[in-house]
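Q:
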Amino acid sequence: MPYNKYPYEAIPLKFPYNALEPYIDEETMHLHHDKHYQTYINKLNAALEPYPYLQQLTIDQLLSNPAVIPYEARLNIMHNAGGVYNHALFFNNLAPAGQGAHLPYDGLLDEINRDFGSFDEFKKQFNDSARGVFGSGWTYLARLPGGKLTIFNTKNQDTPLRFGLEPILLLDEWEHAYYLKYKNERDKYIDNMWNVLTFNE
Ligand code: MN3
């Protein structure tokens, strides 16, 4: 993912805060982007401040190789770097309904058909996986080192990078992502998100 290095800054949304209505409301987008994501940015910068050599690494390098981080700082840096990374990717794979690529582009569609049978079957498996997230976490579509696609969940702010996987699409299942609008109806949020999830080549 093309992303800036330390000191990190929040990447602005590519669309107005109300552009995902009625699927995601404007207040949720403000809180999610300007407060939650920004807090991860602030905490990551603070956590990296004492470590000049870690500041030289990209966020992908940090997340792919936690062993380079001193043990006493590792959990905190991995949590906040994961929060920055996951949210940057998540906001980048959203677009207003009717804009952006809400269906996979040709090459990816071929891979999805190959590995899941069809796009509808892929969505069904992704939704099933998302419904299985217990507590706070994410559901990912990612590419394994051999090229095969896979769907899996991560806990808290974990990312697939340390397993050598290439992220393609992800869905935020933390309550802050949906609770204002959907309350306890997380399944409805998951279904509705297909109107605004977008595939980037
Ligand atoms: Mn979130």
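Position one of the sequence shown corresponds to residue -6 (this note's numbering), numbered consecutively onward.
Backbone N, C-alpha and C define an ideal beta-carbon position, used for all residues, glycine too.
1) For residue 70, name the three-state secondary structure that DSSP assigns.
2) Going straight from the alpha carbon of residue 153 to that of residue 147, what length do you get?
3) With the cut-off set at 7 Å, would you say residue 33 and residue 73 are in Cβ contact?
4) Are there 16 or more other CB atoms within 10 angstroms of the CB of residue 157, so buried, or fewer, so exposed?
5) Taking all protein chains shown into account, decide if residue 145 is buried (16 or more other Cβ within 10 angstroms of its Cβ) or exposed.
6) For residue 123, verify whether its CB is less than 6 Å away from any heavy atom of the ligand MN3.
7) My output table needs one value for residue 137: the three-state DSSP class, helix, strand or coil.
8) If you measure from each CB to the nearest heavy atom of the ligand MN3 and keep those under 6 Å, what residues do you get, in chain order?
9) Going by DSSP in three states, residue 146 sits in which element: helix, strand or coil?
10) What does a CB cutoff of less than 7 Å around residue 200 pick up in its chain, not counting 5 residues either side in sequence?
11) Exposed or buried, residue 166, counting other C-beta atoms within 10 Å across all chains shown (16 or more means buried)?
A: So, to answer that:
1) helix
2) 8 Å
3) yes
4) exposed
5) exposed
6) no
7) coil
8) 25, 29, 80, 165, 167, 169 and 170
9) strand
10) Outside the modelled stretch of the chain, which goes from -6 to 194, sits residue 200, for which no answer is possible.
11) buried
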